[in-house]
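Peer 1:
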Amino acid sequence: MQNQTSTIFETLFEEEVYQGLTDFPKHLSSKYFYDTQGDKLFQDIMNMPEYYLTDSEFEILDTHKDRIAQWLSSKKGRFNLIELGAGDGKKTKILLKHLVKNNVSFTYKPIDISQNVLNQLEKSLHEELPGLNIEPRQGTYFETLADINSDNGARKVILFLGSNIGNLLHPQAIDFLKSVQNLMNEDDLFFVGFDQKKNPQTILDAYNDKAGITEAFNKNILSRINRELRADFDLEKFLHWEVYDPETGTAKSYLVSKEQQSVCIDKLNLKIDFKPWETIHTEISQKYDDEVVNWLAEKAELQIVAQFSDQGNLYKDYLFKKE
Ligand code: AVJ
C-alpha cells in the first residue's frame, strides 16, 4: 500500500494511528497488536482455557491429519505450503510433522507481519523438524499475496488458520478471498479456519478472560503507541470491553476511556481528547456458520471441496479450490 501523505508520516503505522484517533468514532487496526509484546500476549491467549479456538483447530488437524494430507498431496509433484499469518506455528506443526513423516515433498513458506515471531518459528522448526524446507517471509497478507504469485510454476497450498479471517468484515473477507482465488491455479488448494457461531457466553468468555490477558493484549496497542510514537496513554484509564452480537456473529473489542482525558502523541505532534466513556474500536472477531461460509465462497468464486470440524463443532476448517 502506498502512503499518500508520506510528507508527514514515516510509516503506515503512524498514518493509521493518526487517522484512527482523529476519526469519529475512534478506531485502531488490530493488525498493530502484534509487536514483540503483543506476540507474547497472543501466545498466552492461545494457552488460556477460555480461548477454545486454538484447542479446537489443534484437535481438527490432529484428528483429520491423514485425510488432510491426502488432499494436499492428491496431485503430483512438489508443492509450496504457504501459510498466511503463521504465528508460532503450533497448530501447523501437527500437519508439517505428518507430511514430513509421510515423505511428502513440499516447501513450507510461512508469512507473518511479525519478523520476531517468524524468527522464533524458524528456530523451533530447525530443531523439531530438521528435514523440513522452510522459507519465511515477513509482511502483511496483502503485500505478500504478490509474492505468492511470483512463486509461479509450483503448485500451491495456502493455509489461513486460526480464524484470522475473522478480523475482516464480510466485504473485506470477500476481497481477501478473491485476491487469493485470483492467484490460484486449477490444482491449488486453500485451507481456511472459520470460528463458528455458538453459545454467545462461550465467545464472550474467550475474549474477556478473568485473568485479564485479553485486556492486556487489547491495551498493548496503546503501550505500543506509547513506545513507538512517544505517547503518554495511561492504561489504567481505559477499560477493555467486549461485545458479541449473536445475530450477525460479530465480536467487537473496544477500549473505553473511563474519564475525560487528553493524551499527547509527540511523534505525531498530536493531542487527543477523550470524553468520559468515549470508545476506541480495536478489533472484530467474526463468527461464522455454513451458510455464511458458502456465501463468502460463492462471492469469491471458490468451491468448498472438504470440511473438517472438531467434536464440539466449535470451529471448522474448509478446503477450497478455484471454481
Ligand atoms: C488471531 C485474529 C484469530 O480474533 O480470535 C484473540 C485475535 N483477539 N483474542 C481472534 C484475538 C483477542 C484472534 N485472531
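Be aware that the sequence shown starts at 1, since it is given in UniProt numbering, and climbs by one per residue.
C-beta atoms are modelled at their ideal positions from N, C-alpha and C, and glycine is treated no differently.
Values in this document were obtained by computation on a predicted structure and should not be read as measured data.
#1: Is it true that the CB of residue 22 sits closer than 9 Å to the CB of residue 272?
#2: Quick check on this structure: which residue in 280, 268, 37 and 243 has the alpha carbon closest to the alpha carbon of residue 117?
#3: For residue 155, is the classification buried or exposed, using 16 other Cβ atoms within 10 angstroms of its Cβ as the cut-off for buried?
#4: Who are the near neighbours of residue 16 in its chain, counting only those whose CB is closer than 7 Å to its CB and skipping five residues on each side?
#5: Taking only the alpha-carbon atoms, compute the straight-line gap between residue 101 and residue 67 and give it to the nearest angstrom.
#6: Find the nearest neighbour of residue 194 within the set 129, 174 and 163, judged by alpha-carbon distance.
#7: Out of 294, 109, 315 and 240, which has the shortest C-alpha to C-alpha gap to residue 321?
#8: Between the C-alpha atoms of residue 62 and residue 41, what's the straight-line distance to the nearest angstrom?
#9: Enumerated in chain order, which unbroken segments of the beta strand (DSSP E) with a length of 3 residues or greater are wholly contained in the segment 19-89?
#10: Does DSSP put residue 267 in a helix, in a strand, or in coil?
#11: Check residue 189 in the structure and name its three-state DSSP category.
#12: Which residues are close to the ligand AVJ, meaning CB closer than 6 Å to any heavy atom, in chain order?
#13: Identify which residue in 299, 112, 166 and 200 has its Cα closest to the Cα of residue 192.
#14: Give a yes or no on whether the C-beta atoms belonging to residue 227 and residue 55 are separated by under 9 Å.
#15: List the residues that DSSP assigns as beta-bridge partners of residue 242.
#16: What residue does the beta strand (DSSP E) around residue 307 start on, and which one ends it?
#17: Could you compute how far the alpha carbon of residue 76 sits from the alpha carbon of residue 83?
#18: Let me know if residue 253 comes out buried or exposed under the rule of 16 or more other beta-carbons within 10 Å of its beta-carbon.
#19: Going by beta-carbon coordinates alone, are residue 296 and residue 323 separated by less than 9 Å?
#20: Taking the C-alpha atoms as reference points, what is the distance between residue 259 and residue 235?
#21: So, at 7 Å on beta carbons, what are the nonlocal neighbours of residue 241 in its own chain, with the 5 sequence-adjacent residues on each side left out?
#22: Out of 144, 246, 265 and 88, which has the shortest C-alpha to C-alpha gap to residue 286?
#23: Buried or exposed for residue 114, please, with buried defined as at least 16 other CB atoms from any protein chain shown within 10 angstroms of its CB.
#24: In whole angstroms, what separates the C-alpha of residue 230 from that of residue 224?
#25: List the whole-angstrom C-beta distance separating residue 201 from residue 314, where the pair is believed to meet the contact cut-off of C-beta under 8 Å.
#26: Identify whether residue 92 lies in helix, strand or coil by the three-state DSSP scheme.
#27: Rounded to the nearest angstrom, what separates residue 174 and residue 161 at their Cα positions?
#28: Determine the burial state of residue 266: buried for a count of at least 16 other Cβ atoms within 10 Å of its Cβ, exposed for fewer.
#29: What whole-angstrom Cβ distance do residue 121 and residue 88 have, given they're in contact under 8 Å?
#30: Have a look at residue 97 and residue 31 and give me their C-alpha separation to the nearest angstrom.
#31: Report the three-state DSSP secondary structure of residue 231 (helix, strand or coil).
#32: May I ask you to report which of helix, strand or coil DSSP gives residue 222?
#33: Starting from the Cα of residue 105, find the closest Cα among 70, 139 and 91 and give me that residue.
#34: Helix or strand or just coil, what does DSSP make of residue 195?
Peer 2: Here's the rundown:
#1: yes
#2: 37
#3: buried
#4: 29
#5: 15 Å
#6: 163
#7: 294
#8: 25 Å
#9: 79-84
#10: helix
#11: strand
#12: 45, 53, 162, 163, 164, 166, 167, 207, 214, 217, 283 and 285
#13: 166
#14: no
#15: 253
#16: 302-309
#17: 20 Å
#18: buried
#19: no
#20: 12 Å
#21: 254 and 256
#22: 246
#23: buried
#24: 9 Å
#25: Not a contact, Cβ separation roughly 13 Å.
#26: helix
#27: 16 Å
#28: exposed
#29: 6 Å
#30: 29 Å
#31: strand
#32: helix
#33: 70
#34: strand
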